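Student: Here's a structure for you.
Protein chains: 2
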Amino acid sequence: MTEINDITDSSAKRQFILYWGDMGSQWGVNRSVAQIHALLFLSVKPLNAEQISEDLGIARSNVSNSLKELVGWKLIRRVPIAGDRREHFVAEVDVWEMAMRIAQGRKEREIDPALAAISECLEQAEVEPALNPEILDRMKSLQDLLQTTDKWYGQMLGVPKAKLNMMMKMGDKVVSLLKLTGKKSE
Amino acid sequence: MTEINDITDSSAKRQFILYWGDMGSQWGVNRSVAQIHALLFLSVKPLNAEQISEDLGIARSNVSNSLKELVGWKLIRRVPIAGDRREHFVAEVDVWEMAMRIAQGRKEREIDPALAAISECLEQAEVEPALNPEILDRMKSLQDLLQTTDKWYGQMLGVPKAKLNMMMKMGDKVVSLLKLTGKKSE
DNA sequence: TTGAAATTTCTCTAAATACAGAAACAAATG
DNA sequence: CATTTGTTTCTGTATTTAGAGAAATTTCAA
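Residue numbers (the numbering used here), protein chains in the order written: chain A, 1 to 186; chain B, 1001 to 1186.
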């Protein structure tokens, strides 16, 4: 029940946890979840729920739920510790892997339900002869965008990290290499 | 103050507005904002705040603030109507343009502040000799990821829509065309 | 420059979300 | 099989956010 943290703790680490927790809101996760993720991301050894709770001053139950959410995002995973019954957790420390899991999670939470919604609307729209064709077109173009994005996400998530990294670092050179037509910013 | 909508209104359109509003929460905008965006996206002619308020049954003040937010995202813009003092609004109807503006907004709200935060932490970390080098490395790798992503976003946002569209539709063929090394899923 | 029309800001309430602490539950050890 | 240890669910409170309505401000026309 002590509030004292690991003696080797650094203020940079502390600061990072605070900032990251704060940023969570922008990214759509609550402070507890983001702080716990930050703590595990910077932790060299696996931590159990009790340790996290004490370290961050977050209620044990809250830690339990937050860990579940992070496992759901696959940003952390359980690791068994020999001779210890308690569940320990480590974060994915490969940042590219991390980014891809966040992208995967976002696709599932944002793109997929949007696609389902628009498909249903379009079903309705098709049997509505009075509907302005312009409106139908707009719905369809949105569906096309979502489908294209969905498929693209799925494919990019299958590309090896190293390739993806390299491709992103090449930036718009990739585009020019493809020798496609079209002029800038139009 | 009537609650009756345009006589030519369709149920598919109504449904779309409801679904889109509901999905807003997943995308980080509130229902009012998302519904107004949906209404304008499917509207063939510009609408003023009063019309939107009546049509959606949302308080006038709320409409005003939501419109401001949508203008901030550049998803809608003001259009002057001859002989009418009131401000009218239209949505960006090119869905690729729309997607790029959302991407731009997200970069500004998610990536940029994260970069600022981590840079500050790293400044602190550099003057902390006791800091475990492994932790320093993790922070730096995260910074590198954010910087790469930031730069990549910036470059992609400058690519003409048609090219981007084509590239995404090519999907992972783009990756293979680049003849980079590395094997699948690693 | 005054009055009508339009918009924005302010204030208050309602709803949603976050989170602590307690209680219930589950698992393992002696 | 009871006790200890660990985890999850439940319940109530606090904080935050959404959103309505009123008040204040701005804009334009006569």
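Glycine included, each C-beta is placed from N, C-alpha and C at the ideal position. Just so we're clear, the structure is a prediction, and the values are computed from it rather than from any experiment.
I need the straight-line Cα distance from A:S64 to B:A1012, nearest angstrom please.
Tutor: The residue you call residue 64 of chain A lines up with position 64 of the first sequence. The residue you call residue 1012 of chain B lines up with position 12 of the second sequence. Each residue's alpha carbon lies about 42 Å from the other.
Student: Can you find a CB in chain B that lies within less than 7 Å of the CB of A:Q51?
Tutor: The residue given as residue 51 of chain A occupies position 51 in the first sequence. With 7 Å as the cut-off, A:Q51 does not count as an interface residue toward chain B.
Student: Label B:P1046 either buried or exposed according to how many other C-beta atoms from any shown protein chain fall within 10 Å of its C-beta, with 16 as the threshold for buried.
Tutor: As a first step, residue 1046 of chain B must be located in the second sequence, where it is residue number 46. The residue in question, B:P1046, is buried, as its Cβ has 16 or more Cβ neighbours within 10 Å.
Student: Consider the Cβ of A:E108: report whether some Cβ of chain B lies at a distance smaller than 7 Å.
Tutor: Along the first sequence, one-based indexing puts residue 108 of chain A at 108. Residue-level contact check: A:E108 does not touch chain B, since none of the beta carbons of chain B fall below 7 Å from its beta carbon.
Student: Kindly indicate the opening and closing residues of the alpha helix (DSSP H) around A:D84.
Tutor: Sequence index remark: in the first sequence, residue 84 of chain A carries index 84 (1-based). Here A:D84 belongs to no alpha helix (DSSP H), and DSSP marks it neither H nor E.
Student: What do you reckon, are the CB atoms on B:L1142 and B:I1118 nearer than 7 Å?
Tutor: What you label residue 1142 of chain B is simply residue 142 of the second sequence in a count that begins at 1. What you label residue 1118 of chain B is simply residue 118 of the second sequence in a count that begins at 1. In this structure, B:I1118 lies closer than 7 Å to B:L1142 by Cβ.
Student: Go to A:V79, then tell me how far its beta strand (DSSP E) extends in each direction, as first and last residue.
Tutor: Walking along the first sequence from the start, residue 79 of chain A turns up at place 79. Counting along the chain, the beta strand (DSSP E) containing A:V79 begins and ends at I76 to V79.
Student: Does the CB of B:M1168 have a neighbour CB from chain A at under 7 Å?
Tutor: Position 168 of the second sequence, counted from the start, is the residue given in the question as residue 1168 of chain B. Yes, contact with chain A.
Student: Listing by chain order, which chain B residues have their CB less than 7 Å from the CB of A:W96?
Tutor: By one-based count along the first sequence, residue 96 of chain A stands at place 96. What A:W96 touches in chain B: L1145.
Student: Under a Cβ-count criterion, where at least 16 other Cβ atoms within 10 Å of its own Cβ denotes burial, should A:M1 be classed as buried or exposed?
Tutor: Within the first sequence, the letter at position 1 stands for residue 1 of chain A. Residue confidence for A:M1 is low, a pLDDT of 34 falling below 50, so the modelled location carries little weight; the figure read from the coordinates is stated next. By the neighbour-count rule (16 or more Cβ atoms within 10 Å), A:M1 is not buried but exposed.
Student: DSSP state of A:N62, grouped into three classes?
Tutor: In the first sequence, counting from the first residue as 1, residue 62 of chain A sits at position 62. Helix.
Student: Classify B:R1138 as buried or exposed, calling it buried when 16 or more other Cβ atoms lie within 10 Å of its own Cβ.
Tutor: To locate residue 1138 of chain B, count along the second sequence from 1; it is residue 138. So B:R1138 counts as buried.
Student: Do you know how far the Cα of A:V90 is from the Cα of B:I1036?
Tutor: Taking the first residue of the second sequence as 1, we reach residue 1036 of chain B at position 36. Taking the first residue of the first sequence as 1, we reach residue 90 of chain A at position 90. Approximately 43 Å between the Cα atoms of the pair.
Student: Starting from the beta carbon of A:R138, find every residue of chain B whose beta carbon is closer than 7 Å, and list them in chain order.
Tutor: By one-based count along the first sequence, residue 138 of chain A stands at place 138. Within 7 Å Cβ-Cβ: F1041, L1042 and V1093.
Student: Would you check if there are 3 or more beta carbon pairs closer than 8 Å linking the region 1116–1135 of chain B to the region 152–161 of chain A?
Tutor: no
Student: Tell me the DSSP secondary structure of B:E1003 in three-state form.
Tutor: As a working mapping, residue 1003 of chain B is identified with position 3 in the second sequence. Caution applies to B:E1003, whose pLDDT of 37 falls short of 50 and renders its modelled position unreliable; the value that the coordinates give is listed next. Note: B:E1003 maps to coil in three-state DSSP.
Student: Tell me the start and end of each unbroken alpha helix (DSSP H) in the region 75–140 of chain A that is at least 4 residues and wholly inside, in chain order.
Tutor: 95–106 and 112–126
Student: Starting from the Cα of B:V994, find the closest Cα among A:G171, A:L157, A:M166 and A:R14 and give me that residue.
Tutor: Outside the shown range of chain B (1001 to 1186) lies residue 994 of chain B, about which nothing can therefore be said.
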